[in-house]
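Numbering (this note's numbering), first residue to last: 8 to 389. Note that the Cβ used here is the ideal one computed from N, Cα and C, for glycine as well. The structure appears below as structure tokens.
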């Protein structure tokens, strides 16, 4: 031991500084949870949420990027009152509703997972009136090109479902999912507020769904949505409607009516000429490298990363398991063009009815979901 250590005692070791963002990240990874009364569902207790929000505020005040803070705090912004209080705290600290996180924005997350109170009932809570007064950008979309209005209608009403008709390959019929009366009554009041804020009910997502279309089908079954549907139809059309992959034509001018109410309207979906041309466009490797210079693993990664047309068990096709990727690379001509990829994927099973605007291939229990925009190249596949 040195003379100075004998005189002054042991030297204190320097404790490395941990940034507020790193503290938030560490706490979010190990956040305590409790098990619900039925013993199956886990939830984050209120005191843990308050600590999560406190760390998030510290990180924001220390200059951390809003996207980084929200990435770790998002798990606490659930559908309960504590989640709304936490969101209000972060917004008051300077976080924007347009802050990007994962596949959307904070606004998308709040309306997709919450039934926000319409108007202020408690100074500590976040209401729909509050967030619309903060002027979120109404043209921002999530990963599926959905606006906040899309997400609100889907989460409260349920997806507009489509299914193949026995009449032909491209016939589909649409009907609303079951939803609670409380959710429908909330939606009837919330949609006019969203329209006043500037949201466009005619905007289409990547599945060709618009809010006008969804509410139009639902209003036939639920009378409380009739006024919201009428207001959407009376909204001014956008100056230039976005291009669509399919043109929908109703089979009959008026939907059939039974003793139980209006029957689902049947439509025929005809692919546009531009869309067929895109399907047949060749797929090229990145950076122009020839296939001979690329290993099978690199080829799989390069090609599958560009597949954006369907989902496998809820994940995009670019996140396929390794054995399916190996099968793709071992199939001659699989990556020749997008239509060829479609035909090979469809060969996994029959195209059947499924949720959303997807056609489902469910042979062998694989649960494939292929977006309808692929079907222009299918031909007769079952």
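query, result
"Residue span of the alpha helix (DSSP H) that contains residue 145, given as start and end", "Per DSSP, residue 145 belongs to no alpha helix (DSSP H) and is neither H nor E."
"Length of the line joining the Cα atoms of residue 69 and residue 27", "7 Å"
"CA-to-CA distance, residue 32 to residue 112, given in whole angstroms", "19 Å"
"Beta-carbon contacts of residue 235 that lie in its chain and below 7 Å, excluding the five residues immediately before and after", "194, 195, 198, 199 and 222"
"Contact under 8 Å by Cβ, residue 108 with residue 77", "yes"
"C-beta atoms of residue 145 and residue 205 nearer than 8 Å", "yes"
"Beta bridge counterpart(s) of residue 70 as assigned by DSSP", "None, per the DSSP bridge assignment."
"Local conformation of residue 107 per DSSP, three classes", "strand"
"Identity of the residue in 116, 91 and 227 nearest residue 154 by Cα", "116"
"Rounded Cβ spacing between residue 94 and residue 133 (contact assumed at less than 8 Å)", "5 Å"
"Residue burial classification, residue 118 (beta-carbon count within 10 angstroms, cutoff 16)", "buried"
"Limits of the unbroken alpha helix (DSSP H) element including residue 239", "233 to 241"
"Residue 198 - DSSP class collapsed to helix/strand/coil", "helix"
"Beta-carbon separation (whole angstroms), residue 90 vs residue 84, contact threshold 8 Å", "5 Å"
"Candidates 135, 121 and 120, of which the one nearest residue 127 by Cα", "135"
"Own chain residues within Cβ distance below 8 Å of residue 64, not counting five before or after", "96, 97 and 100"
"Residue 76, DSSP secondary structure in three states", "helix"
"Pairwise C-alpha distance: residue 88 and residue 121", "9 Å"
"Sub-8 Å separation of residue 158 and residue 218 beta-carbons", "no"
"Within-8 Å CB hit, residue 204 to chain C", "Within the model displayed, chain C is absent; a lone protein chain is all it includes."
"Residue interval of the alpha helix (DSSP H) (run including residue 118)", "113 to 120"
"When 141, 56, 149 and 73 are compared against residue 35, the one with the closest alpha-carbon", "56"
"DSSP state of residue 51 mapped onto helix, strand, coil", "coil"
"Rounded distance between the beta-carbons of residue 141 and residue 202, thought under 8 Å", "No, residue 202 and residue 141 are not in contact; Cβ-Cβ is about 17 Å, not under 8 Å."
"Buried versus exposed, by CB contacts within 10 Å (16 or more), residue 39", "exposed"
"Residue 216 burial status per 10 Å Cβ neighbour count (16 or more: buried)", "buried"
"Under 8 Å between C-beta atoms of residue 150 and residue 212", "no"
"Residue 151 (DSSP reduced to helix, strand or coil)", "coil"
"Other residues of its chain near residue 30: CB distance less than 7 Å, five sequence neighbours each side excluded", "62"
"Residue 225 beta carbon less than 8 Å from that of residue 164", "yes"
"Separation of residue 220 from residue 188, as counted between CA atoms", "20 Å"
"First and last residue of the uninterrupted alpha helix (DSSP H) at residue 137", "135 to 140"
"8 Å contact criterion, which residue 138 and residue 114 should meet: CB distance rounded", "7 Å"
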